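Before any comments, here is the structure.
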């Protein structure tokens, strides 16, 4: 006796607006129902009828799992607009953007490991800065980033985290790095100094990119605007002032 398996796929999307929270939520559910029916011998001999409804989805799509989340503000409207432009459904558009966010993390931080370290540093700095600010409240400072004492304590917290992840082993710069001076001569001493201070050099370069109105390299052309967008105007002004005095 044969068994017939029919897969019915339904996609239901609806929105629920919660006035008290000012939130909007939408859900995309994919429900796969399996119906098994046993037919009589005589009926099974009949020519099978064409299936009604939508054709079955590819296996990779049927296996998708359900993800529910809430959005704030006009994010739902932004997703709808982006979905129209791309020709995707809202759920597909959201999925593509989430995937892209992971790629962006790798692009900016170089690896998930470095991203994790910086997340840990940020968590420690935030907790330290806010606590120090509460203990050293000043009327002229509304953010711990603007309070010298609180900022100093947050820097110490960041240093503690970075030291905790430091790999074991001797800190030994390369024996020699060739450096040609302005006269074309090989300056060994300068090469050794550069080896010992690569970090300070690159840090100074990044700070210069942010404070400068004209990026000096192709990397800076892409990186500087992105970094500036993440910094507040007060932090940018503080940096520009210090770089100008350097």
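Numbering (our numbering), first residue to last: -3 to 242. Beta carbons: idealized from backbone N, C-alpha and C, even for Gly. In this text the structure is predicted, and so the values were computed from the model without any measurement.
Exposed unless 16 or more other CB atoms sit within 10 angstroms - verdict on residue 238: It counts as exposed.
Pair within 8 angstroms by beta-carbon distance, residue 112 and residue 150: Going by C-beta atoms, residue 112 is not nearer than 8 angstroms to residue 150.
C-beta atoms of residue 86 and residue 79 nearer than 8 angstroms: In this structure, residue 79 lies closer than 8 angstroms to residue 86 by Cβ.
Buried or exposed by the 16-neighbour rule on C-beta atoms within 10 Å, applied to residue 227: That one is exposed.
Pair within 8 angstroms by beta-carbon distance, residue 205 and residue 220: When the beta-carbon positions are compared, residue 205 and residue 220 come within less than 8 angstroms of each other.
Straight-line gap, residue 144 to residue 201 (C-alpha atoms, nearest Å): C-alpha of residue 144 to C-alpha of residue 201: approximately 24 angstroms in a straight line.
Run of the beta strand (DSSP E) containing residue 68, from where it starts to where it stops: First-last of the beta strand (DSSP E) with residue 68: 65 to 68.
Cut-off 6 angstroms between Cβ atoms - residues of its own chain near residue 117, not counting five sequence neighbours on either side: Excluding the 5 residues flanking it on each side, residue 117 has same chain C-beta neighbours closer than 6 angstroms at 154 and 157, in chain order.
Run of the alpha helix (DSSP H) containing residue 148, from where it starts to where it stops: Start and end: 144 to 160.
Where residue 85 falls: helix, strand or coil (DSSP): In the structure shown, residue 85 falls within a coil segment according to DSSP collapsed to helix, strand and coil.
Near the ligand SAM: residue 168 beta-carbon under 7 angstroms from a heavy atom: Absent from the structure shown: the ligand SAM. Ligands present: none.
Test item: CB-CB of residue 197 and residue 203 under 8 angstroms: The beta carbons of residue 197 and residue 203 sit no closer together than 8 angstroms.
First and last residue of the uninterrupted alpha helix (DSSP H) at residue 127: Note, residue 127: alpha helix (DSSP H), 108 to 131.
Run of the alpha helix (DSSP H) containing residue 201, from where it starts to where it stops: Element bounds for residue 201: 194 to 207.
Spatially closest choice to residue 169 from 187, 90 and 110, by CA coordinates: Distance check between residue 169 and each of 187, 90 and 110 places 187 closest, using alpha-carbon atoms only.
Residue environment, residue 264, which counts as buried when at least 16 other CB atoms sit within 10 Å: For residue 264 there is no data in the structure shown, the boundaries of the chain being -3 and 242.
For residue 218, the three-state DSSP class (helix, strand or coil): The DSSP-derived three-state label of residue 218 is helix.
Cβ neighbours of residue 75 in the same chain (closer than 7 angstroms, five flanking residues each side left out): Non-local C-beta neighbours of residue 75 in its own chain, meaning closer than 7 angstroms and more than five positions away in sequence, comprise 86, 89 and 90, ordered along the chain.
Spatial distance of residue 230 from residue 122 (CA atoms): One Cα belongs to residue 230, the other to residue 122, and the distance between them is close to 18 angstroms.
Through-space distance from residue 61 to residue 232, alpha-carbon basis: Going by the C-alpha atoms only, they are around 43 angstroms apart.
Chain-order list of residues whose beta-carbon lies under 7 angstroms from that of residue 114 (same chain, five-residue window excluded): 105.
C-alpha distance - residue 182 paired with residue 163, whole-angstrom precision: Taken atom to atom, the span from the alpha-carbon of residue 182 to that of residue 163 is near 33 angstroms.
Contact check, residue 146 vs residue 160, beta carbons under 8 angstroms: Not in contact: residue 146 and residue 160 (Cβ atoms no closer than 8 angstroms).
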